[in-house]
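Visitor: Input: one structure, supplied below.
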Amino acid sequence: MASLTEAREAPEQQLWDEIGKIHAGMLGIKGDNMHFQPMAPNADPKTSTIWFFTRTDTDLVKAVGTSSRGYLSVVGKNHDYHAFLSGTLEVRIDRAKMDEYWSAVTAAWYEHGKDDPMLTMLALRVDDAEIWASTDSTLKFGWEIAKANLSDEKVPEVGVKQHLTFPQYH
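Just so you know, we're using the UniProt record's numbering here: the sequence shown kicks off at 1 and counts up by one.
This is how it looks when you write it as structure tokens:
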């Protein structure tokens, strides 16, 4: 359940926590006709970077080239949290990050493990995000809808929207 208080008071921490709970987000790049595709995020909040394992022969890696504007769309596990992140997306091989994020699930995709010649990583250096956290309480939702319908100037308060910016680390 997404905390509306946390969305108001600590939205950046909530964003990283929510990304840590999901198995996939939809990743894409600017200016390409390619559809966004599901990718498993590995978040590094200290550097505002999200890492993705991928193969060198994918359409996404080819389209990114050395660097592109990247976008990641996230939906929380309980469907009460949504985020859209943007930043610089780069193809990067970082052995320390491979070791840090490697798992049995990741290994299943690469015949030669971390030494697979097709293995690479994408790094999304996040500089901007927008989050939406909403109540998952049907009682709260119903109450807010009823209040809004009984008042001429009242809009239902069923969630929080925040815009975030992140420092860039190099």
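Don't be surprised by glycine CBs; every beta carbon is placed ideally from N, CA and C.
Quick one: residues in its chain with C-beta nearer than 6 Å to the C-beta of residue 31, no 5 flanking neighbours on either side, listed in chain order?
Guide: Residue mapping note: residue 31 aligns to position 31 of the sequence shown, counting from 1. Here the set comprises nothing.
Visitor: Evaluate residue 99 with the Cβ neighbour count: other Cβ atoms within 10 Å of its Cβ, from every protein chain shown; 16 or more gives buried, anything less gives exposed.
Guide: Sequence index remark: in the sequence shown, residue 99 carries index 99 (1-based). Result: exposed.
Visitor: May I have a chain-ordered list of the beta strand (DSSP E) segments no shorter than 3 residues that lie completely inside the stretch 63 to 146?
Guide: Here the runs fully enclosed are 67 to 75, 81 to 92, 119 to 134.
Visitor: Are there three or more Cβ pairs, one per stretch, closer than 8 Å when the stretch 72 to 90 is compared with the stretch 106 to 118?
Guide: Verdict: no, contact absent.
Visitor: What residue range is occupied by the uninterrupted alpha helix (DSSP H) comprising residue 20?
Guide: One-based indexing of the sequence shown puts residue 20 at position 20. That run of the alpha helix (DSSP H) goes 11 to 21.
Visitor: Taking the straight line between their C-alpha atoms, what separation do you get for residue 47 and residue 161?
Guide: In the sequence shown, counting from the first residue as 1, residue 47 sits at position 47. In the sequence shown, counting from the first residue as 1, residue 161 sits at position 161. Each residue's Cα considered, the two are about 23 Å apart.
Visitor: Please report how far the alpha carbon of residue 164 lies from the alpha carbon of residue 11, in whole angstroms.
Guide: Within the sequence shown, residue 164 is the residue found at index 164, counting from 1. Within the sequence shown, residue 11 is the residue found at index 11, counting from 1. Distance between the alpha carbons of residue 164 and residue 11: 8 Å.
Visitor: Write down the C-beta distance between residue 23 and residue 2 rounded to the nearest angstrom, noting that I regard them as a contact closer than 8 Å.
Guide: Translated into the one-based positions of the sequence shown, residue 23 becomes position 23. Translated into the one-based positions of the sequence shown, residue 2 becomes position 2. At roughly 17 Å, the Cβ-Cβ gap does not stay under 8 Å, so residue 23 and residue 2 are not in contact.
Visitor: Considering just the uninterrupted stretch of the beta strand (DSSP E) at residue 38, what are its terminal residues?
Guide: Locating residue 38 in the sequence shown gives position 38, where the first residue counts as 1. From DSSP, the beta strand (DSSP E) with residue 38 extends over 37 to 39.
Visitor: Can you check which of these residues, 117, 127, 132, is closest to residue 57 by C-alpha distance?
Guide: Here residue 57 is taken as the residue at index 57 of the sequence shown, counted from 1. The shortest Cα separation from residue 57 among 117, 127, 132 belongs to 117.
Visitor: Decide yes or no for the touch test of the stretch 50 to 70 against the stretch 86 to 94: beta carbon pairs closer than 8 Å, at least 3 of them.
Guide: Short answer: they touch.
Visitor: Is it buried or exposed for residue 5, if we count other Cβ within 10 angstroms and need 16 for buried?
Guide: Taking the first residue of the sequence shown as 1, we reach residue 5 at position 5. Per the 10 Å Cβ criterion, exposed.
Visitor: Kindly indicate which residue of 49, 122, 43 has the alpha-carbon position closest to the one of residue 167.
Guide: For the purposes of this step, residue 167 is identified with residue 167 of the sequence shown, where counting begins at 1. Checking every option, the nearest Cα to that of residue 167 belongs to 49.
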